[in-house]
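Visitor: Just dropping this structure here.
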Amino acid sequence: MLVGAVHARNGLTVDAGLCTVQVIPAHGVHVAAVGLIFPSRSSALDPDSYLPLTQYTATQFSFASTPKPFKNPHYTRHSAPGGPGKRNKTLKQILTLERERVDEEARKRREERVERRRLRQERGEAAVEEDEEREVEVVSFVSIEAPPSLMPQKRYCDITGLEAKYVDPRTLLRYHSPSIFELIRSPSFQPAVVQAYLALRGMGIVLR
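According to this note's numbering, the residues represented by the sequence shown are 8 to 215, in order.
Dropping the structure here:
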């Protein structure tokens, strides 16, 4: 057992009772304890019972460096030093690659259309005007459009944010349950509070 406590800076050696603590600035801050182990009471007077203490560093007692049985010891992270690095693309790079992909796809389709037209001319078939006038359309990230939904629009409670099943005819606030309705009709809900809730969804009254 070590006796005494000590505070030391890098490169200093401080004696604290039976223990000598030295801060070794080799790899960051590594604390090494060099001293004696306090013996039992029966051999306290025997000088030979004091055993030299082995040097330890803080990394040897680190929980992060201890092997864990549930982890694969051969697993390496991509971002580990010396390993293959993985960098995420920026938005500008993604849009540039998307434009290049669309241009390449459009070029291939134009070449296919020219090839089909040449085959028709060789076979003596009439050219299809619709095929010639049709613009090459490639589905991309920015060109996907969807029709408006046919499902009814959902309405949400102005107080709780839950799905609103009812509307108060006096204040026009949407509420989720009867308990919220009691809160709306309570004296604490002044007209200014009601207008503030209505203004959150663009239904407030603006006086000019």
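Ideal Cβ placement from N, Cα and C applies to all residues, glycine included.
Remember, it's a predicted structure, so these values are computed and weren't measured experimentally.
What did DSSP end up calling residue 82 once you bin it into helix, strand or coil?
Guide: The count along the sequence shown starts at 1 and reaches residue 82 at position 75. Coil.
Visitor: Per the DSSP calculation, residue 181 is bridged to which residue(s)?
Guide: Along the sequence shown, read from residue 1 onward, the residue named residue 181 stands at position 174. BP columns for residue 181 point to 174.
Visitor: Measure the CB-CB distance between residue 147 and residue 105 and report whether it falls below 8 Å.
Guide: As a first step, residue 147 must be located in the sequence shown, where it is residue number 140. As a first step, residue 105 must be located in the sequence shown, where it is residue number 98. Yes; because the gap between Cβ atoms is below 8 Å, this pair is in contact.
Visitor: In chain order, what residues of the same chain lie with their CB nearer than 6 Å to the CB of residue 196, ignoring the 5 residues before and after it?
Guide: To locate residue 196, count along the sequence shown from 1; it is residue 189. Excluding positions up to five away in sequence, the list is empty.
Visitor: Going by the DSSP bridge assignment, what does residue 163 pair with across the sheet?
Guide: For the purposes of this step, residue 163 is taken as residue 156 along the sequence shown, with counting starting at 1. The partner list for residue 163 (beta bridge, DSSP) reads 170.
Visitor: Just to check my reading of the structure: residue 165 and residue 181 have Cβ atoms closer than 8 Å, yes? What is that Cβ distance to the nearest angstrom?
Guide: Locating residue 165 in the sequence shown gives position 158, counting from the first residue. Locating residue 181 in the sequence shown gives position 174, counting from the first residue. Between residue 181 and residue 165 the Cβ distance is about 5 Å, and since that is below 8 Å, they are a contact.
Visitor: From residue 102 to residue 144, what distance separates their C-alpha atoms?
Guide: In the sequence shown, counting from the first residue as 1, residue 102 sits at position 95. In the sequence shown, counting from the first residue as 1, residue 144 sits at position 137. Rounded to the nearest angstrom, the two C-alpha atoms are 18 Å apart.
Visitor: Tell me the rounded alpha-carbon separation between residue 191 and residue 159.
Guide: Numbered from its first residue, the sequence shown carries residue 191 at position 184. Numbered from its first residue, the sequence shown carries residue 159 at position 152. Whole-angstrom Cα-Cα distance: 26 Å.
Visitor: Out of curiosity, what's the CA-to-CA distance linking residue 200 and residue 153?
Guide: Counting from 1 along the sequence shown, the entry for residue 200 is found at position 193. Counting from 1 along the sequence shown, the entry for residue 153 is found at position 146. Near 38 Å, if we compare the C-alpha coordinates of residue 153 and residue 200.
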